[in-house]
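Going by the working numbering, 525 is the number at position 503 of the sequence shown; the sequence numbering is gapless. Every residue, glycine too, gets a C-beta built ideally from N, C-alpha and C. Here's the structure we're looking at; comments come further down.
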Amino acid sequence: MINRELLQPQSIVVIGGSSNVHKPGGAVVRNILQGGFQGTLRVVNPKEDEVQGIKVFHDAKELPPTELAILVIPARLCPDTVELLARDKATKAFIIISAGFGEETKAGAEMEQRILDTCAQYGAALIGPNCIGLLTRNHHSVFTKPIPTLNPKGVDFVSGSGATAVFILESAVIKGLQFNSVWSIGNGKQIGIEDVLQYMDEHFNAETDSLVKLLYIENISNPDKLLFHASSLIRKGCRIAAIKAGSSESGSRAASSHTGAIASSDSAVEALFRKAGIVRCFSREELTTVGCIFTLPPLKGRNFAIVTHAGGPGVMLTDALSKGGLNVPSLTSDLSPLTAKYADELKEQLFPGSAVANPIDILATGTAAQLGLALDYCEHKFDNIDAIAVIYGTPGLSTLYEAYETLHQKILECKKPIFPILPSLHTAGPEVAEFLQKGHVNFSDEVTLATALSQVMNTPAPAPPEVQLYGIDISRLNKIIFGIEENGYVPPQTVRDILSCAGIPLVPELVATSKDELTAFAQRVGYPVVAKVVGPVHKSDVGGVALNIRTPQHLALEFDRMMQIPGATGVMVQKMLRGTELFIGAKYEERFGHVVLCGLGGIFVEVLKDVRSGLAPLTYGEAFSMIHGLRGYKILQGTRGQQGINEQKYADIIVRLSTLLRFATEIKEIDINPLLADADDVVAVDARILIGKS
């Protein structure tokens with residue numbers, strides 16, 4: 023629970039506060055004092071009479087009622103201290119800096135549980151243990167530095183790691199990113215990252231609250247809660263970016279299906295973030311860069327103008343933006359005669375040798391006035407430009423105060439977002455510092471900015487929370503699942519029955535142990551046909567697939583051969599279809615639900631690993647976003663005279679399967695590989711389903 027006493031206490035006591043600011047107890051007291059806390063600050067220390075100008079209580083029993091307690095004492099002393107304060111001193115909020123609890127030993131976990139039980143009994147909030155504290159505009163209850171500039175429209179930052187939070191703050195302060203609050207949740211026994219988001223969501227005020235949230239997550243204990251409140255905040259106008267650490271797995275996973283080999287906890291995280299609309303980041307620099315991007319006006323398009331006086335960085339930024347799906351359009355192209363006219367007009371007002379094609383290079387000798395002129399043209403004349411990146415450093419020959427003042431004024435005036443890239447942090451340190459003090463941010467590296475921008479632009483909006491049934495026969499599905507008696511891969515007919523509950527188109531097929539039955543079926547559906555062994559999971563690996571069978575004699579030979587394969591229980595014959603091979607799979611991840619994957623099919627699904635993931639159930643918008651996000655999407659569109667596939671029907675199958683899985687948690691893995699697709703149809707050719715009943 024998060025309460026007033028935690029966020030706006032009238033009185034704070036530091037248990038274990040000291041005069042030594044090089045230790046956590048002394049540093050917390052110093053930061054609270056320097057932060058201008060308006061309430062009463064008390065200190066408990068049995069060995070000192072005065073700490074940093076504050077009269078000291080030698081024992082917590084001597085304290086008057088105090089709303090918030092910060093504990094910086096050995097772990098073994100914390101449970102009794104919390105009980106004393108909650109019971110006798112009306113303390114309703116605790117921040118436990120101390121380590122040595124559940125993160126270390128079983129005995130520590132028992133102490134931690136006792137503290138949690140005491141807080142529950144007396145209705146108290148608990149941050150930690152094992153954290154750096156809580157930093158708000160009301161009180162700076164942390165023992166670390168830096169203390170960033172705080173304002174109501176700054177960033178709310180929530181971290182599952184105290185040390186990482188400090189390093190992220192270091193990265194942010196250099197960029198000029200300002201904060202509203204910093205939450206270090208430590209072990210998060212009572213208040214985790216999901217709980218902080220819930221509080222921010224349920225108490226959100228668009229007029230007064232920060233619209234930017236940054237998260238560093240080490241454990242997602244409640245994915246549904248995170249999804250609900252993150253997506254709710256984003257719909258209310260917030261922007262959220264997050265790092266999820268610890269999602270990779272050492273070594274390759276042994277799995278019996280393509281989906282099992284590809285899907286992982288990281289796939290679940292990726293799917294969850296995309297469903298919520300959270301921008302995923304992979305480093306401290308990327309997270310703080312995205313945070314800075316969030317403080318600027320939102321991008322309304324993908325076309326950038328680059329204004330610079332250094333050619334190399336402009337080229338590198340152009341390459342990085344293009345790689346991320348953003349554009350640096352030519353300003354001198356014949357396709358845009360009016361823009362070309364304005365470009366020529368601008369060039370006449372710059373020094374000889376300047377370039378205006380885009381990047382706009384005003385040369386190292388370019389003046390502050392010429393910088394302002396180039397920005398004016400990008401804002402008012404070049405209609406095909408949506409945003410402006412300004413790369414402006416110094417070789418050390420002159421100061422940049424005038425140029426940065428021009429940049430400051432244009433950022434205030436322009437409606438198009440301007441991204442300042444000021445790389446000379448050493449040579450022009452004072453000028454950059456003055457620029458940041460005016461409330462701006464700085465992206466000192468152009469490629470890091472471009473990478474972060476592409477992440478922001480390619481993150482979809484939150485998916486609608488409503489579940490649509492899309493014609494799923496839930497009653498029949500439940501009967502089929504109930505009738506399966508053993509865990510493991512189900513036979514082909516059961517696979518067909520399950521997929522038919524979602525209306526997924528299936529290729530005509532027959533499984534039999536009779537050569538005559540299969541020959542008659544092939545005659546009925548028409549040659550050519552495909553024969554596949556039934557029994558072995560990886561049919562291709564054991565020579566259990568034969569394509570383009572055109573005669574009964576050929577089919578009979580393949581039947582005899584396949585029935586000799588170890589583990590064979592029959593042979594499947596299918597009508598042979600042609601088309602682009604696609605893949606859809608899903609894997610059930612504990613706490614997350616089913617992670618649905620789509621991509622190119624056949625043997626390439628594991629070789630290329632060109633797949634996109636989504637969290638079931640999926641909407642059509644999510645399905646199309648997954649399809650369009652594939653690196654091989656151009657193949658699906660049609661290349662070199664080949665027709666593209668029917669994207670609508672592919673998306674339809676993705677949505678229907680994801681909805682079916684919402685009602686069948688017993689399905690642990692499913693592969694539909696391949697689906698054959700052309701401009702008219704998408705048909706499932708081969709599938710397998712792994713059932714795991716508890």
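Query                                                                                                                                                                                        : Result
Just confirm the distance between the C-beta atoms of residue 476 and residue 348, as a whole number of angstroms; I'd bet it's less than 8 Å.                                               : 6 Å
Tell me whether the beta-carbon of residue 436 lies closer than 8 Å to the beta-carbon of residue 397.                                                                                       : yes
For residue 279, which of helix, strand or coil comes out of DSSP?                                                                                                                           : Confidence in residue 279 is poor, its pLDDT being 45 and thus under 50, which makes the residue's placement too unreliable to answer from.
Classify residue 339 as helix, strand or coil using the three-state DSSP reduction.                                                                                                          : helix
Quickly, what does DSSP pair residue 616 with across the bridge? List them, please.                                                                                                          : 610
Measure from the alpha carbon of residue 122 to the alpha carbon of each residue in 174, 145, 144, 95, then state which is nearest.                                                          : 95
For residue 200, which residues in the same chain have their Cβ closer than 6 Å to its Cβ, ignoring the five residues on either side in sequence?                                            : 171, 173, 176
Under 8 Å Cβ to Cβ from residue 24, same chain only, skipping five residues before and after it: list those, please.                                                                         : 147, 213, 217, 218, 221
Tell me which same chain residues have a C-beta within less than 6 Å of the C-beta of residue 300, skipping the five on either side of it?                                                   : 252, 262, 264
How many angstroms separate the CA atom of residue 414 from the CA atom of residue 622?                                                                                                      : 44 Å
What is the DSSP secondary structure of residue 184, counted as helix, strand or coil?                                                                                                       : helix
Please work out which residues of its chain come closer than 6 Å, Cβ to Cβ, to residue 483, disregarding the five sequence neighbours upstream and downstream, and give them in chain order. : 299
Output the distance between the C-alpha atoms of residue 733 and residue 530, rounded to the nearest integer angstrom.                                                                       : Residue 733 is absent from the model: the chain starts at 23 and stops at 716.
Along the alpha helix (DSSP H) that carries residue 471, what are the first and last residues, could you check?                                                                              : 468-479
Taking the alpha-carbon positions, what's the residue 69 to residue 145 distance?                                                                                                            : 32 Å
Does DSSP classify residue 594 as helix, strand or coil?                                                                                                                                     : strand
Just mark residue 560 as buried or exposed, buried being the case when its beta carbon has 16 or more other beta carbons within 10 Å.                                                        : exposed
In this structure, does DSSP put residue 272 in helix, strand or coil?                                                                                                                       : Residue placement at residue 272 is flagged as unreliable, the pLDDT there being 41, under the threshold of 50; the coordinate-derived value follows with that caveat. Residue 272: coil per DSSP, three-state reduction.
By Cβ distance below 6 Å, which residues in the same chain neighbour residue 279 in space, the five residues on each side in sequence not counted?                                           : In this prediction, residue 279 scores a pLDDT of 45, lower than 50, which makes its location untrustworthy; no coordinate-derived value is stated.
Can you pull the DSSP bridge partners for residue 325?                                                                                                                                       : 349
Residue 597: which of 547, 468, 406, 534 sits nearest, CA to CA?                                                                                                                             : 547
If you reduce the DSSP assignment to three classes, tell me which class residue 448 lands in.                                                                                                : coil
Does the Cβ of residue 167 have 16 or more other Cβ atoms within 10 Å, making it buried, or fewer, making it exposed?                                                                        : exposed
With distances taken between CB atoms, is the gap from residue 605 to residue 695 smaller than 8 Å?                                                                                          : yes
Who pairs with residue 72 in a beta bridge, going by DSSP?                                                                                                                                   : 77
Any idea what DSSP makes of residue 175, helix, strand or coil?                                                                                                                              : strand
Would you tell me roughly how many angstroms separate the C-alpha atoms of residue 162 and residue 179, rounded to the nearest one?                                                          : 14 Å
Are the CB atoms of residue 153 and residue 119 within a distance shorter than 8 Å?                                                                                                          : yes
Give the single residue among 370, 104, 52, 35 whose Cα lies nearest to the Cα of residue 43.                                                                                                : 52
Take residue 715 and list the residues in its own chain whose beta-carbon comes closer than 7 Å to its own, dropping the five residues that flank it on each side.                           : 509, 688
Rounded to whole angstroms, what's the CA-CA distance from residue 215 to residue 416? Just pull it up for me.                                                                               : 42 Å
By DSSP, does residue 311 sit in helix, in strand, or in coil?                                                                                                                               : helix
How about residue 404 and residue 361: are their beta carbons less than 8 Å apart?                                                                                                           : yes
Which class does residue 636 belong to by DSSP, given the choice of helix, strand or coil?                                                                                                   : strand
Could you tell me the distance, in whole angstroms, from the CA atom of residue 31 to the CA atom of residue 112?                                                                            : 12 Å
Going by CA-CA distance only, name the one from 375, 90, 395 that's closest to residue 387.                                                                                                  : 375
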